[in-house]
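> At position 33 of the sequence shown the residue is numbered 34 (this note's numbering), and the sequence of numbers has no breaks.
C-beta: ideal position from N, C-alpha, C; glycine also.
Here you go, one structure.
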Amino acid sequence: MDKVIEKVSKKFVVLKEYKDCWPAYDYIQAHLKYLSSQSKTKEKGKTSASVQKR
């Protein structure tokens with residue numbers, strides 16, 4: 002994740018004003034959590050659909 006933060010902070014220089022670029026870390030963490038929940042929701046839907054077909 003450090004490499005991502007490094008690239009992001011080069012593109013968005015304002016992030017360097019924050020200790021350890023914490024806004025970028027927070028955003029990435031929230032986005033990954035969102036993606037994980039979406040994936041779990043889709044998996045639940047697939048499981049439910051396969052059970053209903055039986």
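I'd like the list of long-range same chain contacts for E18, defined as Cβ closer than 7 Å, with 5 residues on each side in sequence excluded.
Closer than 7 Å at Cβ, skipping near neighbours: no residue.
> Please state whether DSSP places Y35 in a helix, a strand or coil.
Note: Y35 maps to helix in three-state DSSP.
> When you compare only the Cα positions, how much space is there between S38 and K4?
C-alpha separation (whole angstroms): 24 Å.
> Taking only three categories from DSSP, how would you classify Y19?
If DSSP states are grouped into helix, strand and coil, Y19 belongs with coil.
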